[in-house]
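Residue numbers (UniProt numbering): 1 to 179.
C-beta: ideal position from N, C-alpha, C; glycine also.
All of these numbers come straight from a predicted model, not from anything done at the bench.
Quick notes on the structure that follows.
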């Protein structure tokens with residue numbers, strides 16, 4: 001089944017094992033960083049404050065105390081803050097690895113479907129002329145075609161589209177205050 005929407009891409013990303021590998025890598029990086037110490041320190045402070053302010057928690061069963069303390073921790077954006085401070089999400093090597101994994105998944109999917117993908121950029125742009133070839137003085141212009149993932153072939157080049165005899169056909173009417 002071809003990948004036609006983001007949910008399918010996420011599913012294939014998980015099936016490839018890449019999601020779990022990245023999750024383990026991020027967790028290992030987080031555990032060895034200062035952010036882990038900061039998170040644990042903040043959790044300890046919140047738990048100590050709650051136990052000091054609610055003495056009856058010392059006399060309830062451990063499961064009840066754990067549930068109450070977890071609810072208290074849920075009130076604070078501890079994990080979200082720690083995740084936002086993780087540098088891996090802004091690391092070009094990390095993001096490049098994700099892009100390459102996604103590109104490989106999409107290319108494999110298109111190959112299995114018999115669709116053209118050679119030279120396809122992850123954003124769905126296929127370049128016929130590499131960016132470093134040619135100069136502004138050249139007569140030939142750089143051609144970029146957007147690949148329509150719902151079809152097998154790339155979209156038509158605007159220069160190849162049939163033209164109408166009526167020069168006003170397809171032109172939006174002028175609408176303005178001076179009409």
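For residue i, the nearest candidate out of the options (CA to CA)
{"i": "residue 98", "options": "36, 26, 50, 3", "result": "26"}
{"i": "residue 83", "options": "9, 31, 18", "result": "31"}
{"i": "residue 50", "options": "93, 16, 65", "result": "65"}
{"i": "residue 42", "options": "94, 77, 89, 29", "result": "77"}
{"i": "residue 37", "options": "6, 85, 55", "result": "85"}
With 16 other Cβ atoms within 10 Å as the buried cut-off, status of residue i
{"i": "residue 75", "result": "exposed"}
{"i": "residue 109", "result": "buried"}
C-alpha gap between residue i and residue j, whole angstroms
{"i": "residue 44", "j": "residue 3", "result": "45 Å"}
{"i": "residue 105", "j": "residue 91", "result": "22 Å"}
{"i": "residue 60", "j": "residue 67", "result": "11 Å"}
{"i": "residue 111", "j": "residue 8", "result": "16 Å"}
{"i": "residue 57", "j": "residue 46", "result": "14 Å"}
{"i": "residue 80", "j": "residue 96", "result": "23 Å"}
{"i": "residue 87", "j": "residue 53", "result": "36 Å"}
{"i": "residue 73", "j": "residue 23", "result": "23 Å"}
{"i": "residue 107", "j": "residue 33", "result": "35 Å"}
{"i": "residue 48", "j": "residue 16", "result": "43 Å"}
{"i": "residue 69", "j": "residue 62", "result": "10 Å"}
{"i": "residue 39", "j": "residue 21", "result": "23 Å"}
{"i": "residue 35", "j": "residue 71", "result": "22 Å"}
{"i": "residue 28", "j": "residue 93", "result": "16 Å"}
{"i": "residue 55", "j": "residue 89", "result": "41 Å"}
Own chain, CB closer than 6 Å to residue i, minus 5 neighbours either side, in chain order
{"i": "residue 101", "result": "18"}
{"i": "residue 5", "result": "none"}
Same chain, Cβ closer than 8 Å to residue i, neighbours up to 5 away in sequence not counted
{"i": "residue 13", "result": "19, 101, 102, 105"}
Beta-carbon proximity list for residue i, same chain, < 7 Å, skipping 5 on both sides
{"i": "residue 10", "result": "none"}
{"i": "residue 113", "result": "2"}
Residue i at chain B interface by Cβ criterion, 8 Å
{"i": "residue 5", "result": "No chain B appears in this structure, which consists of one protein chain only."}
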